[in-house]
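Numbering of the sequence shown is given in the numbering used here, commencing with residue 434 and proceeding in unit increments.
One structure is given here, and the rest of the page talks about it.
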Amino acid sequence: MINQKSYLVFDLSSECSFGEGLGIYTSYELAIKAMQDRINDYSDVDTDIYLHCFSINLDDPICQYRPIANYSQGEWDISQQS
Numbered sequence: 434m435i436n437q438k439s440y441l442v443f444d445l446s447s448e449c450s451f452g453e454g455l456g457i458y459t460s461y462e463l464a465i466k467a468m469q470d471r472i473n474d475y476s477d478v479d480t481d482i483y484l485h486c487f488s489i490n491l492d493d494p495i496c497q498y499r500p501i502a503n504y505s506q507g508e509w510d511i512s513q514q515s
């Protein structure tokens with residue numbers, strides 16, 4: 434597999450007992466949109482929302498994934514964007 438930069442979005446909200454991968458996206462914009470869509474999905478649910486976006490290369494081990502955007506309880510942290 435080609436070492437292509439991608440973005441993994443993961444949901445650790447209280448609705449997901451063990452976490453849930455939302456997908457791997459080819460652009461940062463698509464990954465953020467997926468996070469925003471998930472936030473909207475939870476609009477009628479009383480839950481703690483924790484979403485994470487990682488910059489990944491598909492051939493790299495998980496330990497090399499870098500967090501670049503996080504959403505937690507109404508607050509965005511995109512200070513690590515690349």
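Ideal placement from N, C-alpha and C gives every residue a C-beta, glycine not left out.
Remember, predicted model here, so these are calculated numbers, not experimental data.
{"Item": "Can you look up E462 in the DSSP assignment and give me helix, strand or coil?", "Value": "helix"}
{"Item": "How do the segment 436-447 and the segment 487-495 stand: do at least 3 beta-carbon pairs fall below 8 angstroms, yes or no?", "Value": "yes"}
{"Item": "Are the segment 500-507 and the segment 465-480 touching, with three or more C-beta to C-beta distances below 8 angstroms?", "Value": "yes"}
{"Item": "From the beta carbon of F451, is the nearest beta carbon of chain D less than 9 angstroms away?", "Value": "The structure shown contains no chain D, having only a single protein chain."}
{"Item": "Give me whichever residues DSSP pairs with P500 in a beta bridge.", "Value": "F487"}
{"Item": "Hey, quick one: how far does the beta strand (DSSP E) through L441 stretch, first residue to last?", "Value": "K438 to D444"}
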